[in-house]
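Chemist: If you read the sequences in order, they're chains H and A. Every letter in the first sequence is one number past the one before it in my numbering, and letter 233, counting from 1, is 382. Every letter in the second sequence is one number past the one before it in my numbering, and letter 280, counting from 1, is 284. Sharing a structure below in structure tokens format, with a few things to ask.
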Amino acid sequence: MAVTPARMRLAIGPVLYHWSDDRLIDFYRTVAEAPVDIVYLGETVCSKRRSLKWTEWLKIGHMLQDRDKEVVLSTLTLVEAESELSQIERVCTNGEFLVEANDMAAIHVLAENGHPFVGGAALNIYNAQTLARLQQLGLTRWIPPLELSGVALGTIARERDPDAPEIELFAFGRMPLAYSARCFTARAHDLTRDHCDFICSQYPSGLKVETQDGQHFFALNGLQTQSGRILNLLPHRLEFSQTGISILRISPDAHNTVELIHRIRDALDGGETPHVSDLIDASTCDGYWQSQAGFI
Amino acid sequence: MDLVAPAGSRGALKAALAAGADAVYVGLRDQTNARNFPGLNFDPRHLHEVVSAAKRYQAQVYVAINTYARAGAWDHWKAAVDQAADAKVSALIAADMAVLDYASRTYPDLRLHLSVQASATNWRALRLYRELFNIRRAVLPRVLSLTQIARLAEHDVVPLEVFGFGSLCIMVEGRCLLSSYACGRSPNNYGACSPAESVEWISTPQGLETRLAGILIDRFAPGEAAGYPTLCKGRFRVANRIRHVFEEPTSLNTLDLLPNLAALGIEAIKLEGRQRSPAYVTQAVRTWRAALDAYQSDPQRFIPKDAWIRALGELAEGQQTTLGAYARVWR
Numbered sequence: 150m151a152v153t154p155a156r157m158r159l160a161i162g163p164v165l166y167h168w169s170d171d172r173l174i175d176f177y178r179t180v181a182e183a184p185v186d187i188v189y190l191g192e193t194v195c196s197k198r199r200s201l202k203w204t205e206w207l208k209i210g211h212m213l214q215d216r217d218k219e220v221v222l223s224t225l226t227l228v229e230a231e232s233e234l235s236q237i238e239r240v241c242t243n244g245e246f247l248v249e250a251n252d253m254a255a256i257h258v259l260a261e262n263g264h265p266f267v268g269g270a271a272l273n274i275y276n277a278q279t280l281a282r283l284q285q286l287g288l289t290r291w292i293p294p295l296e297l298s299g300v301a302l303g304t305i306a307r308e309r310d311p312d313a314p315e316i317e318l319f320a321f322g323r324m325p326l327a328y329s330a331r332c333f334t335a336r337a338h339d340l341t342r343d344h345c346d347f348i349c350s351q352y353p354s355g356l357k358v359e360t361q362d363g364q365h366f367f368a369l370n371g372l373q374t375q376s377g378r379i380l381n382l383l384p385h386r387l388e389f390s391q392t393g394i395s396i397l398r399i400s401p402d403a404h405n406t407v408e409l410i411h412r413i414r415d416a417l418d419g420g421e422t423p424h425v426s427d428l429i430d431a432s433t434c435d436g437y438w439q440s441q442a443g444f445i
Numbered sequence: 005m006d007l008v009a010p011a012g013s014r015g016a017l018k019a020a021l022a023a024g025a026d027a028v029y030v031g032l033r034d035q036t037n038a039r040n041f042p043g044l045n046f047d048p049r050h051l052h053e054v055v056s057a058a059k060r061y062q063a064q065v066y067v068a069i070n071t072y073a074r075a076g077a078w079d080h081w082k083a084a085v086d087q088a089a090d091a092k093v094s095a096l097i098a099a100d101m102a103v104l105d106y107a108s109r110t111y112p113d114l115r116l117h118l119s120v121q122a123s124a125t126n127w128r129a130l131r132l133y134r135e136l137f138n139i140r141r142a143v144l145p146r147v148l149s150l151t152q153i154a155r156l157a158e159h160d161v162v163p164l165e166v167f168g169f170g171s172l173c174i175m176v177e178g179r180c181l182l183s184s185y186a187c188g189r190s191p192n193n194y195g196a197c198s199p200a201e202s203v204e205w206i207s208t209p210q211g212l213e214t215r216l217a218g219i220l221i222d223r224f225a226p227g228e229a230a231g232y233p234t235l236c237k238g239r240f241r242v243a244n245r246i247r248h249v250f251e252e253p254t255s256l257n258t259l260d261l262l263p264n265l266a267a268l269g270i271e272a273i274k275l276e277g278r279q280r281s282p283a284y285v286t287q288a289v290r291t292w293r294a295a296l297d298a299y300q301s302d303p304q305r306f307i308p309k310d311a312w313i314r315a316l317g318e319l320a321e322g323q324q325t326t327l328g329a330y331a332r333v334w335r
């Protein structure tokens, strides 16, 4: 008897850019109506950004939950200051929503409190052994590192336990490539991080970096450096089920994210590869998945 | 404060020991260490010799098995831990939970140091690694300010080792995919950032170009010093200007901060540079040895000597040094 593969769920990753309150609220209102199953909320890049207050994030969480979305709160990725640790503690002990841990600090709090958690892509889980160790601490869903290839993921999928965490693939969007204590958007404007004027809020999809011969190679997003190209793994959709992937993450930017979700959902339901080139503002790449350089 | 020196080759090992290192750190000749460059590092069969050479100088040997084990290739990393334990080295430097877990279960008496590659930048992360794997020291990423290091030291989770001198990673170590985005092979898994086989130097009518996997990293005018092409030190166009978008070619030097670091109870100072020559290692270790000894004998009156600053300046990338993230203004 043929087994129908389970319906691939769609997730929207946290907004990585510094958007205004209004923009965020508008965005999540449209997300509430979009065919997406899981929504990740919260600031994961820079603790200086204070777009929405904690209670406002929770309000958005409830609004999405009322529309049958699974809501996950994402934690900060680079955690240095005590104030950042407090921020993380508040998210991890929210008592209501599942948490995506993006640093070992969050895992420490979550494990201490016996809460299950999602392990984010910045955690450096590259093998089945590390995955299993974190599963013992409460990891129930895993977002593999962006540079992990399809082949490597297949190997881990074969090696892991039958009750291993579900796998959510970062499948679409500009890839976070690096984190620093320095704010590069501020530096590009001769500002420092301490006196940044929140200049990153002027770049709702990141600030373009080109090589001297004109290749769009990176995008600056504060202290995060992103890929200039947009990752698109959707053409590989037929390989997903054998690598254990059950959720696809779309990382939002300021261009047509909600239209993209509709397009992707419809295509996947129709058994087709979504065509998205008219909805994005940069060329795409899938090199990491194919065991090549990421920008290819 | 212990002085921990790089030994990427037999020559550098001898140099580091003779110049007065309290400990040397080495890697095995494969992808299990974060300086996996051709001609560097040690064959596992020679680890015993490294340990006995260090013993003659009463120095310790740390083995860096600090990349993340690739899926399906775990046996390499497991073998590296076994070989290091067999050679009775003083400590392992590791980042991957798989490696730390295996080492702590199999060799409970073997000291574990948390590698900078583990990206542990706060006390909670350190505590997690201590609780899970009984780490006895942690090497801090080069993105923390002195004030943040002070806070971290106050929590007293584990003794700390900080970078004193050498190439400056401006991204959080272990969390940087810039090189693999251009070149493919991940420094996290294969241990080489900007691998030599991807590097090109090309003379063009616009000047000398450096490329990494074909990507233009920088162009140099005649007479301008051309650095090794890494993406984070390249010149790119942003906001209509061509500039060092991330960082200038420069080296970290914290000699000025030595009294501060000592006051915080920092256990060890690490010199970067397993890819460097014996001559480099001699000059760097000798200078830091002199500085540490001078501090030890008279902490109140410690002032970095001009000769030391000059000696380290000569070794620095682009002959420039910086305090990096230790100074808040760098951010």
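A virtual CB, placed ideally from N, CA and C, is assigned to each residue, including glycine.
DSSP three-state label for H/P293, please.
Modeler: It is coil, neither helix nor strand.
Chemist: Report the option in H/M324, H/E261 and H/D186 whose CA atom is closest to the CA atom of H/S432.
Modeler: Of H/M324, H/E261 and H/D186, the residue nearest in Cα terms is H/M324.
Chemist: Since H/F444 and A/A186 should fall inside the 8 Å C-beta cutoff, what is the C-beta to C-beta distance between them, to a whole number of angstroms?
Modeler: About 6 Å separates the two Cβ atoms, so the contact holds.
Chemist: Of the residues A/S207, A/L51, A/S171 and A/L156, which one's Cα is nearest the Cα of A/S317?
Modeler: Checking the sequence shown, residue 317 of chain A turns out to be Gly, not Ser. The option with the nearest alpha carbon to A/G317 is A/S171.
Chemist: According to the neighbour-count rule (16 or more other Cβ atoms, all chains shown, within 10 Å of its Cβ), is A/N244 buried or exposed?
Modeler: Looking at its Cβ environment, which holds fewer than 16 other Cβ atoms inside 10 Å, A/N244 is exposed.
Chemist: Would you list, in sequence order, the uninterrupted alpha helix (DSSP H) runs of no fewer than 4 residues that lie entirely inside the region 254–336 of chain H?
Modeler: 277–286 and 299–308, all fully within the region 254–336 of chain H.
Chemist: When the Cα of H/Q351 is compared with those of H/E192, H/H167 and H/A337, which residue comes out closest?
Modeler: The residue with the shortest Cα to Cα distance from H/Q351 is H/H167.
Chemist: Note down the Cα distance separating H/L297 from H/V220, rounded to an integer number of angstroms.
Modeler: When rounded, the distance between both Cα atoms is 26 Å.
Chemist: Should H/C332 be flagged as near chain A, meaning a C-beta pair shorter than 8 Å?
Modeler: So, interface residue.
Chemist: Quick one, which of H/K357, H/G371 and H/L372 has its alpha-carbon nearest H/H365's?
Modeler: Closest by alpha carbon: H/K357.
Chemist: Looking only at C-alpha atoms, which of A/R278, A/C180 and A/L262 sits nearest to A/T234?
Modeler: Selected option, being the one with the closest Cα: A/C180.
Chemist: Mind pulling the chain A residues with CB within less than 7 Å of H/D252?
Modeler: Residues of chain A passing the Cβ test: A129.
Chemist: From A/P263, A/S190, A/G322 and A/A75, pick the residue whose C-alpha is nearest to that of A/S255; which is it?
Modeler: For the residues A/P263, A/S190, A/G322 and A/A75, the minimum Cα distance to A/S255 belongs to A/G322.
Chemist: Between which two residues does the beta strand (DSSP E) harbouring A/C180 extend?
Modeler: Start and end: M175 to C180.
Chemist: Does the pairing of the region 277–291 of chain A with the region 10–21 of chain A give three or more beta-carbon distances under 8 Å?
Modeler: Yes: the two stretches touch, three or more of their Cβ pairs being nearer than 8 Å.
Chemist: What would DSSP say about A/G328, mapped onto helix, strand or coil?
Modeler: It is helical.
Chemist: If we call anything under 8 Å between Cβ atoms a contact, is H/T289 one with H/F266?
Modeler: Closer than 8 Å, so yes.
Chemist: Can you say whether H/M150 is buried or exposed, counting buried as having 16 or more other CB atoms within 10 angstroms of its CB?
Modeler: Low local confidence applies: a pLDDT of 43 at H/M150 is under 50, so the model's placement there is unreliable, with the coordinate-based value given in what follows. Counting Cβ neighbours within 10 Å, H/M150 comes out exposed, since fewer than 16 surround it.
Chemist: Can you grab the Cα-Cα spacing for the pair H/S426 / H/I379, in whole Å?
Modeler: Each residue's Cα considered, the two are about 10 Å apart.
Chemist: Below 7 Å on C-beta distance, what does H/L225 contact in chain A?
Modeler: Going along chain A, no residue has its Cβ under 7 Å from H/L225, so there is no contact; the nearest lies around 10 Å.
Chemist: What does a CB cutoff of less than 8 Å around H/S200 pick up in its chain, not counting 5 residues either side in sequence?
Modeler: So the qualifying residues of the chain are H167, W168, S169, D170, L173 and E192.
Chemist: For a minimum of 3 consecutive residues, which ranges assigned as the beta strand (DSSP E) are wholly contained in the region 64–122 of chain A?
Modeler: Runs found: 64–69, 95–98 and 115–118.
Chemist: Would a check of beta-carbon distances place A/N70 closer than 8 Å to chain H?
Modeler: Not one chain H Cβ lies under 8 Å of A/N70.
Chemist: In chain H, which residues lie with their C-beta within 8 Å of the C-beta of A/N192?
Modeler: Going along chain H in sequence order, the residues near A/N192 (Cβ under 8 Å) are N273, Y275, P294 and E296.
Chemist: Measure the alpha-carbon distance for H/H411 versus H/A327 and round it to whole angstroms.
Modeler: Rounded to the nearest angstrom, the two C-alpha atoms are 30 Å apart.
Chemist: What residues match up with A/L256 in a beta bridge as DSSP calls it?
Modeler: According to DSSP, which records beta bridges pairwise, A/L256 is partnered with A/G170 and A/T326.
Chemist: Identify which residue in A/V55, A/A58 and A/R74 has its Cα closest to the Cα of H/S440.
Modeler: For H/S440, the nearest C-alpha among the options comes from A/R74.
Chemist: Taking H/L428 as the reference, which of H/T341, H/A403 and H/R336 has the closest Cα?
Modeler: For H/L428, the nearest C-alpha among the options comes from H/A403.
Chemist: For chain A, check one thing: does any of its Cβ atoms lie closer than 8 Å to the Cβ of H/A155?
Modeler: Closer than 8 Å: no.
Chemist: Please report the distance separating the alpha-carbon of H/L397 from that of H/I348.
Modeler: Rounded to the nearest angstrom, the two C-alpha atoms are 31 Å apart.
Chemist: According to DSSP, is H/N370 helix, strand or coil?
Modeler: Reduced to three states, the DSSP call for H/N370 is strand.
Chemist: Using a Cβ cut-off of 8 Å (strictly closer), state whether A/D105 contacts chain H.
Modeler: So yes, A/D105 belongs to the interface.
Chemist: Which residues in chain A sit within 8 Å of H/T242, going by Cβ to Cβ distance?
Modeler: Simply none; closest approach about 13 Å.
Chemist: Ordered along the chain, which non-local residues of its own chain (more than five positions away) have a Cβ less than 8 Å from that of A/S198?
Modeler: Within the same chain, A/S198 has close Cβ partners S183, C187, L216, Y232, P233, T234 and L235.
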